[in-house]
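Q: Those letters in the sequence shown? Residues 57 to 249, by the working numbering.
C-beta: ideal position from N, C-alpha, C; glycine also.
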Amino acid sequence: MQSFARPLHRTCKNIPRLFLKTNGLTNASLRFNSTQVNAAAKELNWVEYFEIRRRRRQWQTAFTIPCAMIGFFGGSFYFGSLQTDPTKPIMGVDPMIFYGGCTILCMGAGYVVGPSLGSGAWRLMNRRVVAQIDARDREFYKHITKNRVDATLQSATSPVPDHYGEKVGSLKQYRQWLRDQGKYRRKALLPEE
Numbered sequence: 057m058q059s060f061a062r063p064l065h066r067t068c069k070n071i072p073r074l075f076l077k078t079n080g081l082t083n084a085s086l087r088f089n090s091t092q093v094n095a096a097a098k099e100l101n102w103v104e105y106f107e108i109r110r111r112r113r114q115w116q117t118a119f120t121i122p123c124a125m126i127g128f129f130g131g132s133f134y135f136g137s138l139q140t141d142p143t144k145p146i147m148g149v150d151p152m153i154f155y156g157g158c159t160i161l162c163m164g165a166g167y168v169v170g171p172s173l174g175s176g177a178w179r180l181m182n183r184r185v186v187a188q189i190d191a192r193d194r195e196f197y198k199h200i201t202k203n204r205v206d207a208t209l210q211s212a213t214s215p216v217p218d219h220y221g222e223k224v225g226s227l228k229q230y231r232q233w234l235r236d237q238g239k240y241r242r243k244a245l246l247p248e249e
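#1: Check whether the Cβ atoms of Asn203 and Leu245 lie closer than 8 Å to each other.
#2: Tell me whether Val186 sits in a helix, a strand or coil according to DSSP, three-state version.
#3: So what's Val205 in DSSP terms, helix, strand or just coil?
#4: Please classify Ile121 as buried or exposed, where buried requires at least 16 other C-beta atoms within 10 Å of its C-beta.
#5: Is it buried or exposed, Arg192, if we count other Cβ atoms within 10 angstroms and call 16 or more buried?
#6: Count the other CB atoms, across all protein chains shown, that sit within 10 Å of the CB of Lys239; report buried if there are 16 or more and exposed otherwise.
#7: In the DSSP assignment, the alpha helix (DSSP H) including Gly170 goes from what residue to what residue?
#8: Can you give the Cα-Cα distance for Arg166 and Phe128, rounded to whole angstroms?
#9: Just to confirm, are Gly131 and Cys162 a CB contact at a threshold of 8 Å?
#10: Between the C-alpha atoms of Ala187 and Pro217, what's the straight-line distance to the nearest angstrom?
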């Protein structure tokens, strides 16, 4: 039985090599072609990146407003249903004012959590481009870090314009951001005459 299995194993092992030789292909050319196709498919140009980034920000904004409202209504429902004694202050504050402040804090928590939920939902709906966007994000933030003005040059009356590049939404805006950074750098480093 073993004498039959060994030649069969060798024959099955050589089938891919026999197929490649008959078609004039080699393993190296197949690997090279597949990596070229994968690299081309994974490449995302800057215009597409900024468009996808804009849509992601829209998702974040769309989730922010409902989450803030849910926080407000949830807080008002919870704190409105509590039994209060107006003669007993809470931490030295009137209970109605304290519960009103807690309701506003619940709304603020919803406002803070909303963009994270929106970003998570966007990542879930756009799984095929998440790796490309993350790679482009890292590259974009490297550009921002390299070209932005040193924050120690700012003063209270003259803050650095858009230090983190949050308002950059297109190539035109990125070029304008670079000009603004250069203008601020020259203004801060060169003495006024």
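A: Reading off the structure:
#1: The residue given as residue 203 occupies position 147 in the sequence shown. The residue given as residue 245 occupies position 189 in the sequence shown. No, Cβ-Cβ distance for Asn203 and Leu245 is not below 8 Å.
#2: As a working mapping, residue 186 is identified with position 130 in the sequence shown. Here Val186 sits in helix by DSSP.
#3: Locating residue 205 in the sequence shown gives position 149, counting from the first residue. In the structure shown, Val205 sits in coil (DSSP, three-state: anything other than H, G, I, E or B).
#4: Indexing the sequence shown from 1 puts residue 121 at position 65. That one is exposed.
#5: Here residue 192 refers to the residue found at position 136 of the sequence shown. Arg192 is buried by the Cβ-count criterion.
#6: Taking the first residue of the sequence shown as position 1, residue 239 is located at position 183. Result: exposed.
#7: Here the question's residue 170 lines up with position 114 in the sequence shown. Looking at the DSSP string, the run of the alpha helix (DSSP H) that includes Gly170 is Pro151 to Met181.
#8: Position 110 of the sequence shown holds residue 166. Position 72 of the sequence shown holds residue 128. The question names Arg, yet the displayed sequence has Gly at residue 166. Their Cα atoms are separated by approximately 8 Å.
#9: Along the sequence shown, read from residue 1 onward, the residue named residue 131 stands at position 75. Along the sequence shown, read from residue 1 onward, the residue named residue 162 stands at position 106. Contact flag set, yes.
#10: The residue given as residue 187 occupies position 131 in the sequence shown. The residue given as residue 217 occupies position 161 in the sequence shown. Those two C-alpha atoms are separated by around 30 Å.
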